[in-house]
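**Q** Right, I'll just put the structure down here and ask away after.
Protein chains: 2
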Amino acid sequence: MKGWSETELVELVRRLGSAAAPGMRVGIGDDAAVLEVPRGQELLVTTDLFVEGVHFRRRWLPAAAAGRRALCRALSDIAAMGGEPRFAFLSLAVPSASGLQPSASWVRGFLRGFAAAARSFHVALAGGDTGSSGSGALLADVIILGTAPKGTAALRSGARPGDLLFVSGRLGALAAALDSGRRPPPIHPRLALGKHLRSHRLITAMMDLSDGLSTDLNRLIRESGVGAEVDIDRLPLAGTLQQALHGGEDYELLFTVPEAGAGRLPRSIAGVALTCIGRITSGRGAWLVGSRGRRRRLSPGGWEHAGNT
Amino acid sequence: MKGWSETELVELVRRLGSAAAPGMRVGIGDDAAVLEVPRGQELLVTTDLFVEGVHFRRRWLPAAAAGRRALCRALSDIAAMGGEPRFAFLSLAVPSASGLQPSASWVRGFLRGFAAAARSFHVALAGGDTGSSGSGALLADVIILGTAPKGTAALRSGARPGDLLFVSGRLGALAAALDSGRRPPPIHPRLALGKHLRSHRLITAMMDLSDGLSTDLNRLIRESGVGAEVDIDRLPLAGTLQQALHGGEDYELLFTVPEAGAGRLPRSIAGVALTCIGRITSGRGAWLVGSRGRRRRLSPGGWEHAGNT
C-alpha cells in the first residue's frame with residue numbers, strides 16, 4: 629500500500645480486533661484463536677470471498693461500506709441456517725503492485741467499516757490473516773462462526789412435496805440499482821428472521837439468495853430431491869422480472885413451510901415481509917407458472933461468480 | 629479457467645469434500661457447515677492466505693504439491709497450539725483473465741493435492757468458497773478448525789525469564805533451497821510434537837516459525853513481555869546463518885521450557901530433533917550471543933508477507 633507497510637496493516641487489524649468477547653479465550657495475536665462453543669450448541673461455519681472487480685469496485689462503494697458489505701454477505705449464510713453469528717475472521721490480501729494499490733485511508737476505512745459492522749451484530753473479530761495479493765486484486769475472505777442449538781440448524785435438504793415456498797423482502801434490488809447506475813443498496817442480513825423461523829420450527833428448508841432465485845432455487849430442490857413451481861405473479865419485485873429471477877445478491881431468505889403450518893406464519897417477522905411465491909412438487913426441476921397456467925422451465929441463470937460450496 | 633466453468637470447479641470441490649467425518653453433521657453443500665465440538669474441548673481456528681507470486685509460483689511447485697503446501701502451512705498453526713486439526717475449509721479464487729488462467733488440470737491437481745493431504749492428516753474438508761479472482765493471482769485461503777482440551781492450548785504469551793528456548797528440526801532449509809535454485813522442501817507440520825509438548829505440560833509458550841526466527845522470536849517475547857538471548861553457535865542450521873535467522877517458512881516449532889523441567893525433555897519427539905538455542909530473559913528485546921560473549925540485537929528481518937494476525 630502507498631506509504632505503509634504490511635506490519636502496520638497487521639497492527640491496525642490487531643487494534644480493531646475484539647479484546648474480549650463471550651467464549652473467546654484468545655483472539656488476534658497468537659497462532660490460532662481459542663474459542664468455546666457453549667454446551668448444547670452446534671457450530672456453523674461459512675467462508676465467503678469478496679473480490680475487487682468481481683464482487684465490488686472501489687469507485688462503486690465507499691471504503692467503509694465495502695468493509696460492511698464483506699461482513700454482511702457472510703452473515704447472511706448464518707441467517708440462512710437460523711443461527712447466531714459469534715466470531716468473524718478476516719483474511720485480507722492487498723495489492724502491492726503500483727497502479728493497483730489502494731490508498732492507506734481506503735484500507736483503513738474498509739477495516740473500520742468491517743469492524744464497526746461486526747460490533748453492531750455482536751460478532752467478535754477473533755483473527756485472520758493479512759498479506760500481499762501481489763499484482764492481483766484486493767481480496768477479502770470472510771469466515772463466520774455461528775451457533776445453533778444441537779440438531780436444529782435449518783438445511784437446504786428438508787423441503788418436501790406440498791410445502792409452500794416463501795421469500796423474504798423483495799427481489800432484484802441490487803440488479804435494479806446497478807442497471808440504472810445507482811449505488812448498491814446495503815445488505816441487511818436476515819438474522820432475526822432466520823432465527824425466528826428456525827426456533828419456532830416453522831420451516832422445513834432454508835437458504836439465502838446470493839446468486840439469484842433461478843440459481844438458488846435449483847440448488848435447494850437438488851439438495852431436497854424435489855421440484856418446485858414458482859407463481860410468476862406472486863414474486864415481490866424490486867425491479868423487473870429478469871432482475872428478480874436472475875439478478876443475484878438479494879441476501880433475502882428462501883424457505884419452505886409445510887402447508888398445514890402456513891397458517892402459523894405471520895405476514896412479516898422482524899419487520900421483513902414474507903411472500904408465498906409457489907410450492908414444492910414431487911416432479912423434477914423448477915418451473916415458472918404464468919397467469920394462464922403457462923409453464924416454463926426456470927433454469928439457473930443467476931450470477932455464477934459466487935459459487936458457495 | 630481454460631475450458632471449464634466455475635460450476636464445474638464447485639462440483640469438483642464437492643466431490644473432493646468429505647462425505648462423512650466424526651463431528652460433521654453437514655459438510656459441503658449447504659449455506660454453512662454444521663459441526664460438533666466434543667465436550668471438554670476448546671476450538672482452535674486459524675486462517676492462512678496462500679497467494680501465487682507471493683507464497684508460491686506455479687513453475688516452482690507441481691500442482692498437487694502446491695495444494696498440499698497450502699494445507700500444511702495452516703496445519704502448522706494448529707501444531708503450534710498443541711492441538712489436533714479436525715476440519716478444513718478452502719476458499720479458492722482462480723484468475724479468469726486470459727494469460728493468467730491456470731489450466732484445468734493444474735487446478736484439479738491443486739485441489740486433489742489439498743484433499744489428499746487433508747485425508748492423510750485425518751482432517752475433513754467441510755466447506756469453503758470458490759470464485760474468480762478476476763485479473764488477480766490464484767489465491768487460496770485455508771481455514772483449519774482444531775481442538776485441544778479446555779484451557780490447555782499452548783500460547784505465545786507464557787514464556788518466563790529463566791525458561792530455556794528450543795526449536796525443532798533445522799532452520800533455513802527453504803531459503804537454502806530457493807537460493808540455490810532447488811525446489812522447496814515439503815512442509816511437515818509438527819502436529820505430533822506439538823501435541824506431545826502440550827499434553828505432557830513440558831512448555832510455557834509455543835509458536836511456529838513461519839516468517840523466520842528473527843521475526844517470530846520477537847513476536848513471542850512481545851506477547852510474553854520478556855526478552856531472549858539466542859546462542860549463535862547452537863542454532864541447528866540447514867543452510868547459512870542468515871538463512872536460518874531470516875529465511876522464513878521453516879514451519880518448525882519454537883517453544884520455551886522451564887529450566888527445572890528441561891531434564892524431562894527428550895532429545896527428539898516423534899522423530900524430530902529438539903535443540904536448546906538460548907534462554908528467556910527479563911530484559912528487553914532479542915539478542916544474538918556469539919562465541920566470545922559478543923551480543924548483537926536480533927531484529928525482525930524475516931519475511932514480511934505472511935503477517936499472521
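Residue numbers (this note's numbering), protein chains in the order written: chain G, 629 to 937; chain Z, 629 to 937.
Virtual Cβ for every residue (Gly too), placed ideally from N, Cα, C.
1) Residues in the stretch 654 to 681 of chain Z with C-beta within 8 Å of chain G's C-beta atoms, listed in sequence order?
2) Using 8 Å as the limit for Cβ to Cβ distance, is G/G756 near chain Z?
3) Would you please verify whether the beta carbon of Z/A752 is less than 8 Å from any beta carbon of chain G?
4) So is G/M652 in contact with chain Z if we call contact Cβ pairs under 8 Å?
5) Checking contacts by CB at 8 Å: is G/F717 closer than that to chain Z?
6) Label Z/T635 either buried or exposed according to how many other C-beta atoms from any shown protein chain fall within 10 Å of its C-beta, with 16 as the threshold for buried.
7) What is the rounded straight-line gap between the Cα of Z/S675 and the Cα of G/F715?
8) Can you tell me where the beta strand (DSSP E) with Z/I772 in it begins and where it stops?
9) List, in chain order, every chain G residue whose beta-carbon is nearer than 9 Å to that of Z/R740.
10) Under 9 Å between beta-carbons, which chain B residues line up against Z/S827? List them in chain order, please.
11) Z/L902 and Z/M835 - do their beta-carbons sit closer together than 8 Å?
12) Note the first and the last residue of the continuous beta strand (DSSP E) segment covering Z/R912.
13) Who are the near neighbours of G/N846 in its chain, counting only those whose CB is closer than 7 Å to its CB and skipping five residues on each side?
14) Assuming G/L677 and G/L767 make a contact with CB atoms under 8 Å, what is their CB distance in whole Å?
15) For G/V887 and G/V900, I'd like the C-alpha separation in whole angstroms.
16) I need the straight-line Cα distance from G/R579 to Z/D659, nearest angstrom please.
17) Which of helix, strand or coil does DSSP assign to Z/V638?
18) Pairs of beta-carbons, one from the stretch 769 to 777 of chain Z and one from the stretch 786 to 804 of chain Z, closer than 8 Å: are there three or more?
19) G/A820 and G/T884 - do their beta-carbons sit closer together than 8 Å?
20) Compute the beta-carbon to beta-carbon distance between Z/S761 and Z/A721, rounded to the nearest angstrom, for a pair I have assumed lies under 8 Å.
21) Relative to the alpha-carbon of Z/I656, which residue among G/V673, G/I897 and G/D757 has its alpha-carbon at the smallest distance?
22) Taking 8 Å as the cut-off, decide whether the C-beta atoms of G/A856 and G/I908 are in contact.
23) Under DSSP, the alpha helix (DSSP H) around G/G695 begins and ends at which residues?
24) Could you check whether G/R818 and G/S842 sit closer than 8 Å to each other, using their CB atoms as the reference points?
25) Determine whether the beta carbon atoms of G/G800 and G/G918 lie at a separation below 8 Å.
26) Can you find a CB in chain G that lies within less than 8 Å of the CB of Z/L773?
27) Taking Cβ-Cβ distances below 8 Å as the criterion, which residues of the stretch 852 to 884 of chain G are in contact with chain Z?
28) Quick check: Z/I860 and Z/L916, are their CB atoms within less than 8 Å of each other?
29) Have a look at G/G711, G/V654 and G/L671 and flag the residue whose alpha-carbon is nearest the alpha-carbon of G/R826.
30) If the criterion is Cβ atoms closer than 8 Å, does the pair G/L718 and G/G759 meet it?
31) Can you tell me the Cα-Cα spacing of G/V641 and Z/R701, whole angstroms?
32) Counting only the same chain and skipping the five closest in sequence on each side, list residues whose C-beta sits under 6 Å from that of Z/A745.
33) What does G/I908 reach in chain Z if we use C-beta pairs closer than 8 Å?
34) So which residues on chain Z does G/R784 lean against when the C-beta distance must stay under 8 Å?
35) In this structure, does DSSP put G/V605 in helix, strand or coil?
36) Going along the chain, which residues of its own chain have a beta-carbon closer than 7 Å to the beta-carbon of G/S724, five neighbours each way excluded?
**A** Short version:
1) For the stretch 654 to 681 of chain Z, the set of positions with a beta-carbon nearer than 8 Å to some beta-carbon of chain G reads V654, I656, G657, D658, D659, A660, A661, V662, L663, E664, V665, R667, E670, L671, L672, V673, T674, T675, D676, L677, V679, E680 and G681 in chain order.
2) As a first step, residue 756 of chain G is located in the first sequence; it is residue number 128 there, counting from the start. Closer than 8 Å to some Cβ of chain Z, the Cβ of G/G756 qualifies, so yes.
3) The count along the second sequence starts at 1 and reaches residue 752 of chain Z at position 124. No, because no Cβ of chain G sits closer than 8 Å to the Cβ of Z/A752.
4) Along the first sequence, one-based indexing puts residue 652 of chain G at 24. No, no contact with chain Z.
5) Numbered from its first residue, the first sequence carries residue 717 of chain G at position 89. Yes, G/F717 lies at the interface with chain Z (some Cβ there is under 8 Å from its Cβ).
6) Residue numbering aside, residue 635 of chain Z sits at position 7 when the second sequence is read from its first letter. Per the 10 Å Cβ criterion, exposed.
7) If you number the second sequence from 1, residue 675 of chain Z lands on position 47. If you number the first sequence from 1, residue 715 of chain G lands on position 87. Sequence check: residue 675 of chain Z is Thr here, not Ser. Whole-angstrom Cα-Cα distance: 13 Å.
8) Against the second sequence, residue 772 of chain Z aligns to sequence position 144. L767 to P777 is the span of the beta strand (DSSP E), which, as asked, contains Z/I772.
9) Locating residue 740 of chain Z in the second sequence gives position 112, counting from the first residue. Simply none; closest approach about 15 Å.
10) Structure shown: chain B not included; protein chains present are G and Z.
11) Along the second sequence, read from residue 1 onward, the residue named residue 835 of chain Z stands at position 207. Along the second sequence, read from residue 1 onward, the residue named residue 902 of chain Z stands at position 274. Taking 8 Å as the Cβ cut-off, Z/M835 and Z/L902 do not qualify as a contacting pair.
12) What you label residue 912 of chain Z is simply residue 284 of the second sequence in a count that begins at 1. First-last for Z/R912: undefined, no H or E at that position.
13) The residue labelled residue 846 of chain G in the question sits at position 218 within the first sequence. If we look at G/N846 and ignore the five residues flanking it on each side, its Cβ neighbours are A914 and P928.
14) Working through the first sequence from its first residue, we reach residue 677 of chain G at position 49. Working through the first sequence from its first residue, we reach residue 767 of chain G at position 139. Taking 8 Å as the upper bound for CB-CB distance, G/L677 and G/L767 are in contact here, some 7 Å apart.
15) Numbered from 1 along the first sequence, position 259 holds the residue referred to as residue 887 of chain G. Numbered from 1 along the first sequence, position 272 holds the residue referred to as residue 900 of chain G. According to the sequence shown, residue 887 of chain G is Glu rather than Val. The straight-line gap from Cα to Cα measures roughly 21 Å.
16) The structure shown does not extend to residue 579 of chain G, since chain G is modelled only from 629 to 937, so the question has no answer here.
17) Walking along the second sequence from the start, residue 638 of chain Z turns up at place 10. Z/V638 falls in the helix class under three-state DSSP.
18) By the Cβ test, the stretch 769 to 777 of chain Z is not in contact with the stretch 786 to 804 of chain Z, since fewer than three Cβ pairs between them sit closer than 8 Å.
19) Within the first sequence, the letter at position 256 stands for residue 884 of chain G. Within the first sequence, the letter at position 192 stands for residue 820 of chain G. Contact flag unset, no.
20) Start at 1 with the first residue of the second sequence, and residue 761 of chain Z comes out as number 133. Start at 1 with the first residue of the second sequence, and residue 721 of chain Z comes out as number 93. Indeed, because the Cβ distance is near 4 Å, the residues count as touching under 8 Å.
21) Position 28 of the second sequence holds residue 656 of chain Z. Considering only alpha carbons, the answer is G/V673.
22) The residue labelled residue 856 of chain G in the question sits at position 228 within the first sequence. The residue labelled residue 908 of chain G in the question sits at position 280 within the first sequence. Yes, they are a contact pair.
23) Stepping through the first sequence from its first residue, residue 695 of chain G is reached at position 67. Looking at the DSSP string, the run of the alpha helix (DSSP H) that includes G/G695 is A691 to A708.
24) Taking the first residue of the first sequence as 1, we reach residue 842 of chain G at position 214. Taking the first residue of the first sequence as 1, we reach residue 818 of chain G at position 190. The answer is no: Cβ separation not under 8 Å.
25) As a working mapping, residue 800 of chain G is identified with position 172 in the first sequence. As a working mapping, residue 918 of chain G is identified with position 290 in the first sequence. No, they are not a contact pair.
26) Locating residue 773 of chain Z in the second sequence gives position 145, counting from the first residue. Yes, Z/L773 lies at the interface with chain G (some Cβ there is under 8 Å from its Cβ).
27) none
28) The residue you call residue 860 of chain Z lines up with position 232 of the second sequence. The residue you call residue 916 of chain Z lines up with position 288 of the second sequence. Contact flag set, yes.
29) Position 198 of the first sequence, counted from the first residue, corresponds to residue 826 of chain G. When only C-alpha atoms are compared, the closest one is G/G711.
30) To locate residue 718 of chain G, count along the first sequence from 1; it is residue 90. To locate residue 759 of chain G, count along the first sequence from 1; it is residue 131. No. Outside cutoff.
31) As a first step, residue 641 of chain G is located in the first sequence; it is residue number 13 there, counting from the start. As a first step, residue 701 of chain Z is located in the second sequence; it is residue number 73 there, counting from the start. C-alpha separation (whole angstroms): 21 Å.
32) Stepping through the second sequence from its first residue, residue 745 of chain Z is reached at position 117. Only R696 and L699 meet the Cβ criterion.
33) Looking up residue 908 of chain G in the first sequence gives position 280. Residues of chain Z passing the Cβ test: none, with the nearest at roughly 17 Å.
34) As a working mapping, residue 784 of chain G is identified with position 156 in the first sequence. Result: G657, D658 and D659.
35) As displayed, chain G neither begins before 629 nor continues past 937, which places residue 605 of chain G out of reach and without an answer.
36) Counting from one through the first sequence, the residue named residue 724 of chain G turns up at place 96. Around G/S724: S760 and G762.
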